[in-house]
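J.: Sharing a structure with you now.
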Amino acid sequence: MSQISDSLMSILDLEPLERNLFRGRSPRVGWPRVFGGQVIAQSLYAACKTVEGRQPHSLHAYFLLGGDPEIPIIYEVDRLRDGRSFTTRRVLAIQKGEAIFAMSASFQVEETGYDHQMPMPDVPPPEDLPDRDAMSRDILPNMPKAVRAYYQRERPIEIRPVELRRYAGTGETMEPRFHVWIRAMQPLPDDPAVHQAVLAYASDLMLLDSSLIAHGTTVFDPTVQAASLDHALWFHRPFRADEWLLYAQDSPSASGARGFSRGLVFDRQGRLVASVAQEGLVRPRPDRV
């Protein structure tokens, strides 16, 4: 597990090539495509390297092409604006001379102002949920093969889902809500940019899948075609990504072969630390209909 955990920091070990140019690499884990959360995390971290004294408060991104994990990714940062309170960066992720991902990120000086938030959902704490070993032993043997493979895969983020029964493969439709506890598998440096990039990585792990709950299926169903189209993330309050965070997800709408999903991220103290939104392609595979 240590090798997988170390890959999280290796993902953020971007090689500076020029003043606004960085090279990132993908961990060798046998995935056919670059994980979208990796590109979000590397793009955000590249942008952070061009800003001093300010933290990112939002990012908005589009997935353009699937990335090849065997080829390094070049991140080109465009310094759009450095204002009194806000700084704006645009990042292009490039492979084989083509943009595979585009992101804009905004940074802000630390300020005080009005403060309110939505309450944290009432769900079991992570200690009351099965860990990876318990899931593999007691729960996953009764799940579809693709679900077993996903949750048994070693990854740098620990995942403890609350509503596990949605994966039973029964076709049962449910309210489109999904709660999962997440944290980095290893302690992280104190640098806030690292924790923000790690949360950006984790935010793409399963958000799109929540848009299929109301239809009694998942992205693991071979008859479903699913792909992330865009991704937005807002940082509200300081947090640590190596401590448990509750990722509360829902899906207000699916239409036109697109599913829309939202997420609220809370720390153990119930503080809302981040919000996420994503739209993705979700439709029956033409060759399986």
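Quick note: the sequence shown uses the numbering used here, first residue 250, plus one each step. Ideal placement from N, C-alpha and C gives every residue a C-beta, glycine not left out. From a predicted model like this one, the values you see are computed outputs, not experimental measurements.
Mind the definition here: the segment 486-501 touches the segment 509-517 only if three or more C-beta pairs lie below 8 Å; say whether that holds.
T.: A contact exists between the segment 486-501 and the segment 509-517.
J.: Are the beta-carbon atoms belonging to L530 and A463 less than 8 Å from one another?
T.: The answer is no: Cβ separation not under 8 Å.
J.: Any contact between the segment 371-384 and the segment 312-327? By contact I mean 3 or more CB pairs, one from each, below 8 Å.
T.: Touching, no, given that fewer than three Cβ pairs across the two stretches are closer than 8 Å.
J.: Measuring alpha carbon to alpha carbon, tell me which residue in L482, R432 and S307 is nearest E528.
T.: Cα-wise, what sits closest to E528 is L482.
J.: Between the segment 284-292 and the segment 309-323, do at least 3 Cβ pairs fall closer than 8 Å?
T.: Touching, per the Cβ criterion.
J.: Classify T336 as buried or exposed, calling it buried when 16 or more other Cβ atoms lie within 10 Å of its own Cβ.
T.: So T336 counts as buried.
J.: Name, in chain order, the residues that DSSP records as bridge partners for Q304.
T.: Answer is Q357, bridged to Q304.
J.: The alpha helix (DSSP H) with Y294 in it runs from where to where?
T.: G285 to C297 is the span of the alpha helix (DSSP H), which, as asked, contains Y294.
J.: Taking 8 Å as the threshold, find out whether the segment 358-368 comes into contact with the segment 416-426 through three or more Cβ pairs.
T.: No, the segment 358-368 does not touch the segment 416-426.
J.: Excluding the 5 residues flanking P441 on each side, which residues of the same chain have their C-beta closer than 8 Å to its C-beta?
T.: The answer, listed in chain order, is Q304 and P487.
J.: Do you know offhand how far D458's Cα is from K394's?
T.: Straight-line Cα distance between these residues: approximately 17 Å.
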